[in-house]
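Here's the structure we're looking at; comments come further down.
Numbering (my numbering), first residue to last: 24 to 406.
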């Protein structure tokens with residue numbers, strides 16, 4: 024990598040993102056991505072931020088800046104949603120970095136903004152290249168699934184537990200938003216429905232910060248996502264199922280942030296399975312698809328619909344499910360005319376949802392050998 028003194032803030036910032044358990048491997052592509060978001064002086068300051076809210080004085084001190092120098096930079100970055108900034112009820116201004124992706128990360132907020140840049144297609148290509156060059160395997164290759172499939176709401180099933188019942192998650196969310204699918208907008212790999220990504224209760228790690236967002240109206244970016252009613256969200260779930268999209272949420276029980284409706288072509292979650300070949304990069308639900316052989320007509324609709332290639336046809340023309348690959352999402356059952364496919368409780372061990380994001384990320388950090396919560400230290404440019 025050809026490095027210059029001007030690039031050092033971006034390498035320092037990459038090292039900060041890399042210390043989060045989700046990870047951010049160093050590539051030329053990621054440095055180019057960071058330059059899209061941050062001016063050099065912003066990157067220098069952001070490299071000294073963490074992933075939990077901190078008073079701006081602490082961030083400025085760590086970066087070796089005066090508060091007068093740091094405060095406007097922090098406000099400017101927060102106004103464009105590249106970092107999160109809130110004024111707490113006690114008046115203290117706090118800021119933190121987004122995690123790189125998953126619901127409301129740096130990647131997603133970009134493609135929730137109309138006309139943010141004349142070169143959004145180029146940025147999408149960079150993120151796609153980064154996924155293929157290492158980011159995807161970093162996110163999904165640890166053996167701990169950060170996300171899990173939810174069974175379709177339109178398929179009858181018994182004993183659905185709260186944390187994998189999409190309707191229950193919607194009903195109990197403190198706030199619901201409908202957002203454009205960042206993956207389909209960035210990667211332009213299919214023509215599936217776009218406004219079907221659902222934010223739950225703020226859709227952020229650790230829950231919504233108390234206080235008021237810090238924004239400079241002169242620099243503030245507009246978001247396309249909007250607050251939605253439960254009826255609108257349920258309609259989005261049903262439209263997604265009709266299109267063959269898989270409901271996916273975070274793999275923890277408490278405040279799972281979002282329900283994405285994912286396709287095999289664009290989704291950075293599902294592509295861990297379909298493109299990178301990481302079995303259960305998305306953890307399966309506690310169900311799997313069963314075939315009533317006497318009812319199967321051999322139409323093969325389920326083979327085409329299955330997003331992870333878990334269904335094939337036997338020589339006798341009857342559908343067969345490879346249960347080691349099945350996500351238990353149920354979208355195959357929706358196109359089975361004879362009703363030969365049903366979701367039934369699994370009889371094997373599956374990934375158990377973690378209690379909350381802190382437990383999930385702590386275990387992920389242990390697996391990768393990094394500290395969590397992220398501790399600050401001065402990053403050094405490699406080479």
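Glycine included, each C-beta is placed from N, C-alpha and C at the ideal position.
With a 10 Å radius around its C-beta and 16 neighbouring C-beta atoms as the bar for buried, classify residue 39 as buried or exposed.
buried
Interface flag, residue 167 vs chain C, CB-CB below 8 angstroms:
No chain C appears in the structure shown, which is made up of a single protein chain.
To the nearest whole angstrom, what separates the beta carbons of residue 125 and residue 45, a pair I think is in contact under 8 angstroms?
7 angstroms
Is the region 153 to 168 close to the region 347 to 356, with three or more CB pairs under 8 angstroms?
no
Is there contact here, the region 42 to 59 with the region 382 to 390, by at least three beta-carbon pairs under 8 angstroms?
yes
Limits of the alpha helix (DSSP H) - the one that residue 318 falls within
Neither: residue 318 is in no alpha helix (DSSP H) and is coded neither H nor E.
Taking the continuous beta strand (DSSP E) assigned at residue 163, which residues delimit it?
First-last for residue 163: 159 to 163, but that is the alpha helix (DSSP H), not the beta strand (DSSP E).
Name the DSSP bridge partner or partners of residue 77?
118
Does the beta-carbon distance from residue 74 to residue 36 come in below 8 angstroms?
no
Which term fits residue 181, buried or exposed, when burial requires 16 or more other beta carbons within 10 angstroms of its beta carbon?
exposed
Would you decide whether residue 184 is buried or exposed? Buried here means 16 or more other CB atoms lie within 10 Å of its CB.
exposed
Given a threshold of 16 other Cβ atoms within 10 Å of its Cβ, counted over all protein chains shown, does residue 248 qualify as buried or as exposed?
buried
If you draw a straight line from the C-alpha of residue 325 to the C-alpha of residue 96, how long is it?
52 angstroms
What would DSSP say about residue 53, mapped onto helix, strand or coil?
helix
Since I believe residue 330 is in contact with residue 292 (beta carbons under 8 angstroms), could you give me their beta-carbon distance rounded to a whole number of angstroms?
No, residue 292 and residue 330 are not in contact; Cβ-Cβ is about 11 angstroms, not under 8 angstroms.
For residue 110, write down the residues that DSSP places opposite it in a beta bridge.
116, 235
Residues that DSSP places opposite residue 368 in a beta bridge
310
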